[in-house]
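Asker: In this note's numbering, the protein residues as written are 5 to 103. For every residue, glycine included, the Cβ atom is placed at its ideal position computed from N, Cα and C.
(1) Is the region 49-68 touching the region 9-29, taking contact as three or more C-beta pairs under 8 Å?
(2) Tell whether a beta-carbon distance below 8 Å holds between residue 79 and residue 89.
(3) Any idea what DSSP makes of residue 39, helix, strand or coil?
(4) On a Cα-Cα basis, can you pick out the residue from 75, 40 and 37 that is closest to residue 31?
(5) On the DSSP bridge assignment, give the partners of residue 99 in chain order.
(6) Contact check, residue 33 vs residue 8 under 8 Å by CB: the rounded distance?
(7) Could you give the distance in angstroms between the alpha-carbon of residue 103 and the alpha-carbon of residue 72?
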């Protein structure tokens, strides 16, 4: 690391022991869809980035954190609209705030 990182966002969430919390940001992607009469109408599909966390505080004041990250992106656009490609990652992190 050469120290050239840039913070572009720093969302925060507050939750409690064993209580899941979610941060989500996304957009609606418009596309044209044929109706039964042959006309076209605008429909929307959602694409978002979300982070779900569920902390567990252990008796010795450590934190075990379940993480679930979901990222949508636009895939191929077909006659039925854009496909939404999603990636889900899950994991766990353990640590403490003793500095």
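Answerer: Here's the rundown:
(1) Enough Cβ pairs lie closer than 8 Å, so yes.
(2) For residue 79 and residue 89, yes; Cβs fall inside 8 Å.
(3) The three-state secondary structure of residue 39, taken from DSSP, is coil.
(4) That would be 75, whose Cα lies nearest to the Cα of residue 31.
(5) Answer by DSSP bridge pairing, in chain order: 67.
(6) Actually they are not in contact, since the Cβ atoms of residue 33 and residue 8 sit about 32 Å apart, beyond 8 Å.
(7) Because residue 103 sits at a pLDDT of 46, beneath the cut-off of 50, its placement in the model cannot be relied upon, and the point is left open.
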